[in-house]
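Numbering (full-length UniProt numbering), first residue to last: 1 to 241.
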């Protein structure tokens, strides 16, 4: 029974297998290896490509699986207070890394996920889409016409997602002013209503759709280019949550 519990805990907590096999240093390295793998893909910006995210998840799964299987035959069947203490410390370390990485991923790793709840960017972005946004892109690149961006609405308005259709550079400084529109022009409130948007309000560039809550045919969709249609807006916005 004790061995079964240890195997179960080893499956759900990365590094627990080596801990229960009395390989404490090996167990403590597992979450650090996972973090290093995430950092590597973020620094190289592979994470901003469709299959970079898959590579990230596969790499984390392989690190966990390898260490689990390697430690499986060595798991101690006897109750061990020291191993249990290390397990709780390891669990706390994993939680800190997971929660910290999720909370600060936009700043530390340069990407974030956003939910699309409305129709103003149809057919490019659909309600229920979860998109990956490169939050570092505009630190080294100027905004271009055609980019699909996430930005702060300003004046207590929600975060929005639109497409850049025009740009102009301020003569006073290096800032850009952006004219943004929804691809579904008849159902979008955009720069035709609230005017130009400062590049200071940019959060990042939408790279691809990770998946959709309501349909499976949107997985890893990255065709975000589109010809724009002009129309009079009606009261609908693509608000990112």
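Note that beta-carbon positions come from the ideal geometry of N, C-alpha and C, so glycine has one too.
According to DSSP, residues forming a beta bridge with residue i
{"i": "residue 150", "result": "161, 204"}
{"i": "residue 211", "result": "130"}
Euclidean distance between Cα positions of residue i and residue j
{"i": "residue 242", "j": "residue 116", "result": "Because the chain here runs from 1 to 241, residue 242 falls outside it and cannot be looked at."}
{"i": "residue 179", "j": "residue 52", "result": "31 Å"}
{"i": "residue 66", "j": "residue 176", "result": "49 Å"}
{"i": "residue 118", "j": "residue 219", "result": "18 Å"}
{"i": "residue 216", "j": "residue 222", "result": "14 Å"}
{"i": "residue 50", "j": "residue 124", "result": "16 Å"}
{"i": "residue 132", "j": "residue 5", "result": "37 Å"}
{"i": "residue 44", "j": "residue 38", "result": "10 Å"}
{"i": "residue 33", "j": "residue 63", "result": "8 Å"}
{"i": "residue 161", "j": "residue 106", "result": "16 Å"}
{"i": "residue 233", "j": "residue 205", "result": "Note that residue 233 has pLDDT 40, beneath the 50 cutoff, so the model's placement of it is unreliable and the number below is only indicative. Distance between the alpha carbons of residue 233 and residue 205 is about 23 Å."}
{"i": "residue 9", "j": "residue 54", "result": "25 Å"}
{"i": "residue 151", "j": "residue 143", "result": "12 Å"}
{"i": "residue 159", "j": "residue 191", "result": "14 Å"}
{"i": "residue 59", "j": "residue 200", "result": "35 Å"}
Cβ-based burial, residue i [other Cβ within 10 Å; buried from 16]
{"i": "residue 23", "result": "buried"}
{"i": "residue 155", "result": "exposed"}
{"i": "residue 19", "result": "buried"}
{"i": "residue 21", "result": "buried"}
{"i": "residue 139", "result": "exposed"}
{"i": "residue 42", "result": "buried"}
{"i": "residue 114", "result": "buried"}
{"i": "residue 141", "result": "exposed"}
{"i": "residue 88", "result": "exposed"}
{"i": "residue 69", "result": "exposed"}
Helix, strand or coil at residue i [DSSP, three-state]
{"i": "residue 197", "result": "strand"}
{"i": "residue 6", "result": "helix"}
{"i": "residue 221", "result": "strand"}
{"i": "residue 192", "result": "helix"}
{"i": "residue 108", "result": "helix"}
{"i": "residue 113", "result": "strand"}
{"i": "residue 75", "result": "coil"}
{"i": "residue 56", "result": "helix"}
{"i": "residue 179", "result": "strand"}
{"i": "residue 68", "result": "helix"}
{"i": "residue 166", "result": "strand"}
{"i": "residue 101", "result": "helix"}
{"i": "residue 120", "result": "coil"}
{"i": "residue 96", "result": "helix"}
{"i": "residue 136", "result": "coil"}
{"i": "residue 11", "result": "helix"}
{"i": "residue 20", "result": "helix"}
{"i": "residue 88", "result": "helix"}
{"i": "residue 31", "result": "helix"}
{"i": "residue 41", "result": "helix"}
Beta-carbon proximity list for residue i, same chain, < 6 Å, skipping 5 on both sides
{"i": "residue 108", "result": "none"}
{"i": "residue 214", "result": "128"}
Contacts around residue i, its chain only, beta-carbon distance under 7 Å, and the 5 residues preceding and following it disregarded
{"i": "residue 136", "result": "110"}
{"i": "residue 129", "result": "116, 209, 212, 218"}
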